[in-house]
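Read through the structure below, which is laid out as structure tokens, and then see the notes.
Numbering (the working numbering), first residue to last: 1371 to 1561.
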């Protein structure tokens, strides 16, 4: 039997997700005004499942289970970042899409944040390492011991980023379009 987290109307729960096809991180925070606290965080191990379709099914089931157990008011996901391997990017995008579908199936609003925006929001440095993000979250959320897999703290970072930005969509930076993307990401273009 799952436990239900009760919350008055002024409180909200945010589920943060760090999408992955082998390990997917999740983190839940409770927000009361400007205060926030840790509810739970962890990872969903997917490596043991053979076939991408089965992994996607498990992602949907586990995210739906978290939603049904904790009743988040919002789901925040880390946007896939540019990578060299097109197949890996496609699989990661599918994993993110399935997690989004789980939230949307329960009519929970979703938001997406770039990895750089999450790092900037949590540490003040958009180029911070996973370890730096984890250490800052340890302090901010009073975490006793950091997990071995930092996908869990990455997910908490996404949830906290969502709180800090009050749900305003932050995936495209200051302006939209290819020109803005190229200006904001000069290292991603090969000449």
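Every residue, glycine too, gets a C-beta built ideally from N, C-alpha and C.
These numbers come from a predicted model, not from an experiment.
For the beta strand (DSSP E) that residue i lies in, which residues bound it at each end?
i, result
"residue 1427", "From DSSP, residue 1427 is part of no beta strand (DSSP E) but of the alpha helix (DSSP H) over 1422 to 1440."
"residue 1412", "1405 to 1415"
"residue 1521", "Not the beta strand (DSSP E): residue 1521 falls in the alpha helix (DSSP H), residues 1521 to 1534."
Whose CA, out of the options, lies closest to the CA of residue i?
i, options, result
"residue 1393", "1438, 1520, 1404 and 1440", "1520"
"residue 1424", "1501, 1464 and 1529", "1464"
"residue 1383", "1395, 1428 and 1402", "1402"
"residue 1445", "1460, 1429, 1470 and 1438", "1470"
"residue 1489", "1404, 1429, 1502 and 1456", "1502"
"residue 1461", "1495, 1504, 1426 and 1505", "1426"
"residue 1513", "1397, 1381 and 1380", "1397"
"residue 1535", "1497, 1487 and 1495", "1487"
Does the distance from the CB of residue i to the CB of residue j come in under 8 Å?
i, j, result
"residue 1399", "residue 1414", "no"
"residue 1532", "residue 1406", "no"
"residue 1389", "residue 1447", "yes"
"residue 1529", "residue 1385", "yes"
"residue 1511", "residue 1492", "no"
"residue 1481", "residue 1395", "no"
"residue 1430", "residue 1468", "yes"
Using the Cα positions of residue i and residue j, report the straight-line distance between them to the nearest angstrom.
i, j, result
"residue 1537", "residue 1518", "Below a pLDDT of 50, predicted positions are generally treated as unreliable, and residue 1537, at 48, falls in that range; no measurement from the model is reported."
"residue 1454", "residue 1432", "29 Å"
"residue 1439", "residue 1516", "23 Å"
"residue 1479", "residue 1473", "7 Å"
"residue 1485", "residue 1391", "17 Å"
"residue 1428", "residue 1422", "10 Å"
"residue 1509", "residue 1449", "25 Å"
"residue 1505", "residue 1404", "21 Å"
"residue 1494", "residue 1483", "15 Å"
Quick one: using the 10 Å Cβ neighbour count with 16 as the cut-off for buried, is residue i buried or exposed?
i, result
"residue 1451", "exposed"
"residue 1442", "buried"
"residue 1499", "exposed"
"residue 1527", "buried"
Using a beta-carbon distance below 8 Å, is residue i in contact with chain C?
i, result
"residue 1434", "The chain inventory of the structure shown lacks chain C, comprising one protein chain alone."
Which residue comes first and which comes last in the alpha helix (DSSP H) that contains residue i?
i, result
"residue 1496", "It is not in any alpha helix (DSSP H) - residue 1496 carries neither H nor E in the DSSP assignment."
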